[in-house]
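A short write-up of the structure that comes next.
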Amino acid sequence: MPPVLDNHTLKIDEYKTSICSTYEKVKEYNSRPGENVLLAERYTELLIVETHRNQREREEEIRCRGDDHQQVLKTRASEAYNRITVDQLFKPDDRGDVPKAVILQGDSGYGKSFTAMKIMYDWASGDVFKDLFDLVFHLKCKELNDISEAHSLVDLLSYCPSFTSETAEVLKDSKMKVLFLIDGFDELKFSFEKTSTVPPKDPSTKAPVEATLSALLKGLVLPKCFLLVTTRSTASDKLSDLLSDSQRFTDILGFTEEGVKEYFQRFFKEELLAKKAFDCVRTNETLYTTCFIPVICWITCTVFREQEEGMDITKELETATSIFVHFVSILLKHHCQGLSQPETLLRSLGQLAERGLQEHQVLFDENSLSEAFPDPSQATRYNPFLCKFFLTSTVKQERMYSFMHLSFQEFFAAVHLMMENEEEALKKLQQLLGNYCWVLLYCLQCCPTIRSLELHDCNITAEKLRMLQPALSRCEELGVAKSSLSPESVEQVLSALSRQWSVDNVRLSVTTITGTTAACCLDFMQNTEMCPHLT
């Protein structure tokens, strides 16, 4: 006969059963009432490292695209960056000590809250932390901001899913190993500065919410408990100051290359549809790179699914611009309800983005934001498009901002150009083309028709022409001028141009003319319509 379970074990089992039921399904942004997805079927493992990245490494991640971006992520996943999985968050360090607190840092949209829900579900299912913790509680910080009256820790736990008075009784057992999962520390409105309030040392003692949370984080109440706190990087230092000395820092970097493909398979379920969507995205370097950010991967998959019925899903998503427009509209709808004029936010973002491209800048300080945003609240409170973090040097610590990726910065710069008058837009566009033909691509994709396009003195290469191909193919007339090309480059440029429907004027200056070069030029003139001038 199996042994009789004690009363605490029965209550914990009931709590776990309720947790499994609560976290089994999750609601997405665009879900209709009652339309949820299974958490276990949707969650995809994230790349988590146990290393702080410096400014150069952050800039490298923001700038890289395609294969280069994949290589950067592979480097981050190597032993040098101490990759860590969720089940290893509380593993002993080199000295055999188990951290009392773990910081799980990540930018907006990188999967912090989704990971927190998965941890709750896996613990209750017996798949993670099975022998480490008897109880795990999930406190969502954004739900605690509006509590005005005094609360004890037990009172706050009543906001946790599935928490009951029976669970509170178990909590009083000093032998219980307890983990508090505090999700979204950066969303708390509290300053956690010193106050006259005596910090509570008993979980049943009432105090202002700020004091009660502070006591929990500092280990003054339930000092034997463990903490796992998720936060955006902008608040990680404040959090670290509150926590005990025994803490571990981890950083979510998004999906790996394998993770993106796995997410598409999990999202669509149908193998052929998943492959069709993934293959389409894989051929678009910009779009594929941004899919390493979980929220953008979800948006991309959602757009494909919405186009699925009765039409080719690749038709409406041929351009990165269409994905970015959809992404911006979703974030404006779900995260910027407090804005009375969203177009003002877009204009300010565009101004910041354009200035950064002009100055080859992807990281912005507070002064840069204040110059671009007349309303400070738009720069921070209502702005899901910028990542916020602290950079620490030997002499100071500075709050910095960036777009999620360089491609977003280029997109908003293009949006800003489209808002300018034609003369001013052309002037700025010419200044940007030398190093950013991506800005041109976004602008061209916004144009319903392109009557004529002349590319002069803008550092055009065969690679850039291939990247611009989806937009250039819609040009009625196309002119290209480039100087000092090698014979090999001439062949590559002419090969890229040969895919145009028509080319009006091509002027190429070459260092050396070879027989192969001459043959390529002759073939191009004979097989390309409306090409009266090739010099």
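In terms of numbering that gives the first Met the number 0, the sequence shown opens at residue 0 and continues consecutively.
We treat Cβ as the ideally placed atom computed from N, Cα and C, and that holds for glycine.
Note that this is a predicted model, so its numbers are computed, not measured.
Where residue i falls: helix, strand or coil (DSSP)
| i | result |
| --- | --- |
| valine 101 | strand |
| alanine 206 | strand |
| methionine 310 | Its pLDDT being 43, under 50, methionine 310 is placed unreliably in this model, and the value from its coordinates should be taken loosely. Residue state, collapsed to three classes: coil. |
| tyrosine 80 | helix |
| leucine 356 | helix |
| valine 25 | strand |
| asparagine 434 | With a pLDDT of 46 at asparagine 434, under the threshold of 50, the modelled position of that residue is not reliable, and the figure given next carries that caveat. It is coil, neither helix nor strand. |
| valine 324 | helix |
| histidine 150 | strand |
| leucine 521 | helix |
| leucine 37 | strand |
| serine 451 | strand |
| arginine 346 | helix |
| isoleucine 292 | coil |
| methionine 175 | coil |
| glutamine 535 | Outside the displayed span of the chain (0 to 534) sits residue 535, for which this structure offers no information. |
| phenylalanine 303 | helix |
| lysine 193 | coil |
| aspartate 67 | helix |
| tyrosine 158 | coil |
| threonine 43 | coil |
| isoleucine 512 | coil |
| leucine 131 | coil |
| leucine 72 | helix |
| valine 169 | helix |
| asparagine 535 | Outside the shown range of the chain (0 to 534) lies residue 535, about which nothing can therefore be said. |
| alanine 212 | According to the sequence provided, residue 212 is leucine. The question's alanine does not apply to it. Reduced to three states, the DSSP call for leucine 212 is helix. |
| threonine 534 | Any reading at threonine 534 is ruled out, since the residue's pLDDT is 47, under 50, leaving its predicted position unreliable. |
| threonine 163 | coil |
| valine 220 | coil |
| aspartate 121 | helix |
| aspartate 374 | coil |
| aspartate 93 | coil |
| proline 198 | coil |
| aspartate 126 | coil |
| aspartate 12 | helix |
Endpoints, the beta strand (DSSP E) within which residue i is located
| i | result |
| --- | --- |
| leucine 46 | 46-48 |
According to DSSP, residues forming a beta bridge with residue i
| i | result |
| --- | --- |
| isoleucine 181 | Leu138, Val228 |
| phenylalanine 363 | Tyr400 |
| leucine 331 | Looking at the DSSP assignment, leucine 331 forms no beta bridge with any residue, so it has no partner. |
Where the alpha helix (DSSP H) containing residue i begins and where it ends
| i | result |
| --- | --- |
| leucine 252 | No alpha helix (DSSP H) contains leucine 252, which is instead part of the beta strand (DSSP E) from 246-253. |
| glycine 258 | 256-267 |
| histidine 51 | No alpha helix (DSSP H) contains histidine 51, which DSSP labels as neither H nor E. |
| threonine 289 | 284-289 |
| arginine 281 | 270-281 |
| serine 107 | First-last for serine 107: undefined, no H or E at that position. |
| phenylalanine 410 | 405-418 |
| lysine 237 | 235-241 |
| leucine 187 | Counting along the chain, leucine 187 falls outside any alpha helix (DSSP H), and DSSP gives it neither H nor E. |
Near the ligand MG: residue i beta-carbon under 7 Å from a heavy atom
| i | result |
| --- | --- |
| methionine 417 | This structure does not include the ligand MG; it has no bound ligands of any sort. |
Reference residue i, options the options, closest by Cα
| i | options | result |
| --- | --- | --- |
| serine 151 | Thr163, Pro199, Asp130, Val414 | Pro199 |
| valine 280 | Thr21, Phe303, Glu44 | Phe303 |
| phenylalanine 291 | Leu271, Lys274, Phe263, Glu270 | Phe263 |
| glutamate 269 | Arg55, Glu40, Thr8, Val97 | Glu40 |
| leucine 45 | Glu34, Phe113, Ser20, Leu9 | Phe113 |
| aspartate 106 | Thr513, Leu221, Arg265, Gly253 | Gly253 |
| threonine 343 | Ser367, Ile322, Ala378 | Ala378 |
| valine 414 | Ser321, Tyr120, Pro222 | Ser321 |
| glutamate 409 | Gly355, Phe388, Arg398 | Gly355 |
| tyrosine 22 | Lys332, Ala115, Phe402, Pro341 | Ala115 |
| arginine 84 | Leu331, Ile47, Phe266 | The sequence as given places threonine at residue 84; arginine does not occur at that position. Minimum Cα distance to threonine 84 is reached at Ile47. |
| lysine 117 | Cys519, Leu9, Lys24, Glu365 | Lys24 |
| tyrosine 545 | His404, Leu241, Lys26 | Summary: the structure shown does not reach residue 545, with the chain confined to residues 0 through 534, and so no result is reported for it. |
| alanine 234 | Val197, Val169, Leu103 | Leu103 |
| asparagine 144 | Cys19, Glu209, Arg57, Thr299 | Glu209 |
| glutamate 256 | Lys223, Leu226, Pro293, Phe267 | Pro293 |
Beta carbon proximity, residue i to chain B, threshold 8 Å
| i | result |
| --- | --- |
| leucine 356 | Absent from the structure is chain B; it holds one protein chain and no more. |
Would you check if there are 3 or more beta carbon pairs closer than 8 Å linking the stretch 245-256 to the stretch 183-190? no
Should the stretch 365-374 be regarded as contacting the stretch 339-354, the criterion being three or more beta carbon pairs within less than 8 Å? yes
The stretch 133-146 in contact with the stretch 176-183 per 3-pair CB rule at 8 Å: yes
So, does the stretch 65-75 touch the stretch 95-102, judging by three or more C-beta pairs under 8 Å? They do not touch, by the three-pair rule.
Validate contact between the stretch 154-164 and the stretch 11-21 using beta carbons, cut 8 Å, 3 pairs: At 8 Å Cβ cutoff, the stretches touch.
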